[in-house]
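A quick write-up on the structure given underneath.
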Amino acid sequence: MKSQILAPTPANIALCAKALRTGDVVAMPTETVYGLAGNASDANALAKIFRTKERPTFDPLIVHVALEKSTLAELMRGSLVDSHRLSNTAVKLTDKLIRAFWPGPLTLVLPKTDLVPDIATSGMDTVAIREPKHPVARALIQEFKLPICAPSANRFGRISPTSAKDVAEELGERISYILDGGSCEVGLESTILQVREDGTLILLRPGVIGLDEIEKVTGLRPLDARKTSTDGKPALAPGMLASHYAPKTPIHLMPTPVSQMMSPPKLNQKLPKKVSLLVLQGDEKKAASAIHELLGVEVLLARSLSRSGDWVESARNFFKSLRDLDASGAELILSEPCQESSGIGFAIADRLSRAATRPSD
Ligand code: TXA
Ligand code: MG
Numbered sequence: 354m355k356s357q358i359l360a361p362t363p364a365n366i367a368l369c370a371k372a373l374r375t376g377d378v379v380a381m382p383t384e385t386v387y388g389l390a391g392n393a394s395d396a397n398a399l400a401k402i403f404r405t406k407e408r409p410t411f412d413p414l415i416v417h418v419a420l421e422k423s424t425l426a427e428l429m430r431g432s433l434v435d436s437h438r439l440s441n442t443a444v445k446l447t448d449k450l451i452r453a454f455w456p457g458p459l460t461l462v463l464p465k466t467d468l469v470p471d472i473a474t475s476g477m478d479t480v481a482i483r484e485p486k487h488p489v490a491r492a493l494i495q496e497f498k499l500p501i502c503a504p505s506a507n508r509f510g511r512i513s514p515t516s517a518k519d520v521a522e523e524l525g526e527r528i529s530y531i532l533d534g535g536s537c538e539v540g541l542e543s544t545i546l547q548v549r550e551d552g553t554l555i556l557l558r559p560g561v562i563g564l565d566e567i568e569k570v571t572g573l574r575p576l577d578a579r580k581t582s583t584d585g586k587p588a589l590a591p592g593m594l595a596s597h598y599a600p601k602t603p604i605h606l607m608p609t610p611v612s613q614m615m616s617p618p619k620l621n622q623k624l625p626k627k628v629s630l631l632v633l634q635g636d637e638k639k640a641a642s643a644i645h646e647l648l649g650v651e652v653l654l655a656r657s658l659s660r661s662g663d664w665v666e667s668a669r670n671f672f673k674s675l676r677d678l679d680a681s682g683a684e685l686i687l688s689e690p691c692q693e694s695s696g697i698g699f700a701i702a703d704r705l706s707r708a709a710t711r712p713s714d
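Under this note's numbering, the first residue of the sequence shown is numbered 354, with each subsequent residue one higher.
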């Protein structure tokens, strides 16, 4: 059966909350990407999320809450976080982060209580929590009256969905309802930040809330998980695999932006006749004709993340552009490189490098 795309009317939100109560899963919009929602307190519903996405159970889920007031005290009322395992410093930091960034695209990883089922956290003693800003996500959580787990509503390893139609493409035959909240405003998944028991902050996944903003609010520069190790192992978030967000069409990252190319870029593979092109900034048509001239290939489709070089717009367009290029019929997607080391550009660089990594790489 095909899934139904539902307008977010009160009646449809009530219908979806009812489905959640029976242990079913539904897709909901958030400001970052669409999520596949299930009752966070029901291990069977969570198992259904993993099955529907074909997601391995070592990759934990984010719990979504809607608070009356965005403070740590209010979050604690839900009894998901074990505050006894947080030092005074960690408590203060967490409260500052919640007040500054919630509701919004920041996920906090905190010590968990027994109320969070092990399957949600892949057996770890921490839980990832965020308060989404999207009014439809909030309305669904409020109507349901309990926290909701929601991974991105795509099949595992694939491109994250930023519209109801994208979700239908990913999971259309597998779920009954998709709440339509329009195109996602942010377009990239939330920043994930772990607050360690001693108050150390660790960036587990970059997002549109960057290290500078977090430092401004907390006075502390978070450590980058990729460079941090505990017991010799990187402190990476589980599930942050090198290959992720991958289109079916391979992506080749070119060494320089098209506008700086003096000679044809070297490719470590045979160049097919038909390619598509991802341009980071500027005019995609100009870039496409330059690639056509330099490489002698037909460019089936070119997409620019932002003609004016606006990173907020780039984030919003990123997954949608990948999805369009993937559907263009090209055998290869050529992409300009993204080498930003801070801000939103850093989050885009992270997603782009994972999208360009084949599972076997
Ligand atoms: O913006 C978002 O965060 C979206 C929307 C739907 O809210 N959700 C999302 O979920 O991106 P998902 O499942 O695609 O990514 C969740 C990631 C996991 O892959 C894992 O890396 C990290 O969150 N995570 C979850 N629980 C964790 C924990 N206890 N410790 C460390 N990392 C955790
Ligand atoms: Mg995901």
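Built from N, CA and C at the ideal position, the CB exists for glycine as well.
Please determine whether the Cβ atom of residue i lies at a distance below 7 Å from any heavy atom of the ligand MG.
i      : result
Ser513 : yes
Ser505 : yes
Glu542 : yes
When burial is assigned at 16 or more other CB atoms within 10 Å of the CB, is residue i buried or exposed?
i      : result
Gln634 : buried
Ala364 : exposed
Gly585 : Model confidence at Gly585 stands at a pLDDT of 48, short of 50, so the residue's coordinates are unreliable; what they give is reported in the following sentence. The residue is exposed, with fewer than 16 neighbouring Cβ atoms inside 10 Å.
Lys623 : exposed
Arg549 : buried
Cys369 : buried
Arg491 : buried
Gln547 : buried
Glu542 : buried
His718 : The structure shown does not extend to residue 718, since the chain is modelled only from 354 through 714, so no value can be given for it.
Asp565 : exposed
Ser516 : buried
Glu637 : buried
Ser513 : buried
Gly540 : buried
Ala360 : exposed
Val434 : buried
Lys580 : exposed
Met354 : exposed
Asp395 : buried
Ser667 : buried
Ala426 : exposed
Pro464 : buried
In the DSSP assignment, the alpha helix (DSSP H) including residue i goes from what residue to what residue?
i      : result
Leu524 : Ala517 to Leu524
Thr571 : Leu564 to Thr571
Ile686 : Run containing Ile686: none in the alpha helix (DSSP H); it sits in the beta strand (DSSP E), Leu685 to Ser688.
Gly391 : Where Gly391 is concerned, there is no enclosing alpha helix (DSSP H), although the beta strand (DSSP E) it sits in stretches over Gly388 to Asn392.
Arg676 : Trp664 to Asp679
Leu446 : Asn441 to Phe454
Leu425 : Leu425 to Met429
Leu705 : Gly696 to Ala709
Say the cut is 7 Å; is the CB of residue i nearer than that to a heavy atom of the ligand TXA?
i      : result
Ile555 : no
Thr447 : no
Val386 : yes
His417 : yes
Thr460 : yes
Pro485 : yes
Thr474 : yes
Ala481 : yes
Arg669 : no
Leu524 : no
Asp679 : no
Asp412 : yes
Ile545 : yes
Arg430 : no
Arg558 : yes
Thr710 : no
Thr609 : no
Thr405 : no
Thr466 : no
Met477 : yes
Thr383 : yes
Let me see if you follow: with CB-CB separation under 8 Å, is residue i close to chain B or not?
i      : result
Pro500 : Within the model displayed, chain B is absent; a lone protein chain is all it includes.
Which residues bound the beta strand (DSSP E) around residue i?
i      : result
Leu306 : Residue 306 cannot be examined here, being either before or after the span of the chain that is shown, 354 to 714.
Arg558 : Leu554 to Arg558
Gln357 : Gln357 to Leu359
Thr544 : Thr544 to Val548
Leu532 : Tyr530 to Leu532
Sequence ranges, alpha helix (DSSP H) only - wholly within the region 588-657, length at least 4: 637-648
Fully enclosed by the region 462-515, which alpha helix (DSSP H) runs are 4 residues long or longer? 488-497
Secondary structure, alpha helix (DSSP H): runs of 4+ residues fully inside the region 370-416: 396-406
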